[in-house]
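For the sequence shown, full-length UniProt numbering gives the first residue as 1, with consecutive numbering after it. Backbone N, C-alpha and C define an ideal beta-carbon position, used for all residues, glycine too. Since the structure is predicted, the reported quantities are computational estimates derived from the model, not experimental observations.
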Amino acid sequence: MASAPSNTCNMVSPDHGSSTTTYDRLQELKAFDETKEGVKGLVDAGVTKVPRIFIQPPDELDNKLSTHYPHESMMKKTVGSEIPIIDMEGIISSNVERRKEIVKAIREASEEWGAFQMVNHGIPDTVLEEVSHGIRRFNEEPKEVKMKYYTREAMKRVRWACNFDYSSVQQLIGEIHCTATWALSLLSQKIFQRHAEYSKHVKRLGELLLELLSEALGLNRNYLQDTDCAKSHVFLAHYYPACPQPELTLGSTRHADADFLTILLQDQIGGLQLMSNDRFKSSEHRVLANHKGPRISLACFFTSYPLTKAFGPIKELLSEENPAIYREVSVKEILSYYDSKGLDGNSPLDRFKL
């Protein structure tokens, strides 16, 4: 997330390469935020150009669009290949050899990529489709329906907003921020009816993945669950409208999530880096702006509760040859730092290295 160095910005016009305009960006951001209509409101108003508050300076945009690999192994794996796809078929059976195959695939993907795609994961296609449609329907409701959920208060159980922090963000993105209880408090609204069912499915899948990740680290299958590192889960739904000038901005800048495990549902396509002492990577990702749209994604973040519990590298994985890289830190401390620094393309864990 690129933030302006001051409240006053100099902007080179994309239409006239040499002309420069000075304006109060913070004031315009506040005015945009106070409409409580988000980016979808701009689309509904028929904008044909990206507002200047969302335009990325060309040099900064080039830097953010350039491929960045924090780990050499990830770079080698990425060139000429795709994110690993892991077939979960047979994982629930008593076939020990099949489970070992899946654990091996997850270990390799987690060490080299920090991410993988799953097929045959057990969540019915109808549930996936309907929860995606629910997100779309909510964002396409009249503004009067959505505005009552529009807030910047981070602790609200249900909130809808545009971007993360209006005072610093430059991404063109519409978001719904919500917790796992989101559907339970909104069941009277038809658009959220299937969210509760999806929540149950994704919780079971998350627990299974923690078992497999524990085994991939050579630990007892219940190890990670017993630490309560994923006792709670939070949902964040994204709605990316079609962008009229995608070459001038981003949907979401490069970032790593501030949780232990993320399961992402997309209509197109964590924290374990700390506990595994860098053995498992936390993948950096971003979202490009696009002429096509809207695009939908739903992220489920697994994290601890209470947030004050401290976590550090798993002692069973440490030795003289493999000393701790990170200090113990609470999720609350990580989230506080994550919110203060914004999506700047750097992992929040870097701050907590010894």
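Give every residue of the same chain whose Cβ lies closer than 8 angstroms to the Cβ of residue i, excluding the five residues on either side of it in the sequence, and list them in chain order.
i, result
"THR151", "ARG159, TRP160 and ALA161"
"THR35", "GLY41"
"ILE296", "SER132, ILE135, ARG136, ALA237, HIS238, TYR239, TYR240, GLN266 and ASP267"
"GLU153", "ARG159"
"ASN222", "GLU211 and SER214"
Got a sec, what are the start and stop residues for the beta strand (DSSP E) residue i sits in?
i, result
"TYR240", "232 to 240"
"ASN87", "The amino acid at residue 87 is misidentified as Asn; the sequence shows Asp. Start and end: 85 to 87."
"residue 416", "Lying outside 1 to 354, the shown extent of the chain, residue 416 is not represented and no answer is given."
"VAL158", "158 to 161"
"ILE296", "295 to 303"
"ILE263", "261 to 266"
"GLN117", "117 to 119"
Report yes if the CB atom of residue i is closer than 8 angstroms to the CB atom of residue j, and no otherwise.
i, j, result
"VAL39", "PRO244", "no"
"THR308", "ILE55", "no"
"TYR240", "PRO313", "no"
"LEU298", "SER132", "yes"
"TYR198", "VAL127", "yes"
"ALA216", "ILE325", "no"
If we ignore side chains and look at the alpha-carbon of each, how far apart do residue i and residue j end up?
i, j, result
"MET147", "THR262", "28 angstroms"
"VAL50", "LYS30", "17 angstroms"
"ILE334", "PHE32", "29 angstroms"
"ALA115", "ILE83", "7 angstroms"
"GLU320", "LEU354", "15 angstroms"
"SER340", "LEU318", "31 angstroms"
"ILE85", "ARG327", "33 angstroms"
"MET118", "GLN266", "12 angstroms"
"ALA242", "SER94", "46 angstroms"
"LYS104", "ALA196", "32 angstroms"
"GLU28", "VAL145", "24 angstroms"
"ALA230", "PHE260", "7 angstroms"
"ILE102", "GLU108", "10 angstroms"
"GLU37", "LYS200", "31 angstroms"
"GLU316", "LEU210", "17 angstroms"
"GLU207", "ASP228", "11 angstroms"
"TYR149", "LYS143", "10 angstroms"
"LYS332", "GLY218", "28 angstroms"
"ASN322", "ALA45", "57 angstroms"
"ASP125", "LEU26", "43 angstroms"
"LEU264", "VAL43", "25 angstroms"
Would you mind giving the Cβ-Cβ distance between residue i and residue j, rounded to the nearest angstrom? I have them listed as a contact below 8 angstroms.
i, j, result
"LEU213", "LEU205", "12 angstroms between Cβ atoms; not a contact."
Starting from residue i, follow the alpha helix (DSSP H) in both directions and report where the run begins and ends.
i, result
"ALA31", "25 to 34"
"THR126", "125 to 139"
"VAL39", "38 to 44"
"VAL145", "143 to 147"
"VAL202", "195 to 216"
"GLN225", "223 to 226"
For residue i, which residues of its own chain have a beta-carbon under 6 angstroms away from its beta-carbon, when the five flanking residues on both sides are left out?
i, result
"LEU120", "Inspection of the sequence shows that residue 120 is occupied by Asn rather than by Leu. For ASN120, where only same-chain residues beyond five positions count, the Cβ hits under 6 angstroms are ASP87, MET88 and GLU89."
"TYR337", "PRO348 and ARG351"
"ILE123", "HIS201"
"VAL329", "PHE352"
For residue i, which residues from the same chain have a beta carbon less than 7 angstroms from its beta carbon, with the 5 sequence-adjacent residues on both sides left out?
i, result
"ASN220", "SER214"
"ARG99", "ILE91"
"residue 398", "This structure cannot settle anything about residue 398, because the visible part of the chain is limited to 1 through 354."
"ALA310", "GLU328, VAL329 and SER330"
"LYS203", "HIS233"
"PRO57", "none"
Taking 7 angstroms as the line, does the beta carbon of residue i fall inside it for any heavy atom of the ligand MN?
i, result
"ALA161", "In terms of ligand content, the structure shown is empty, and the ligand MN therefore cannot be addressed."
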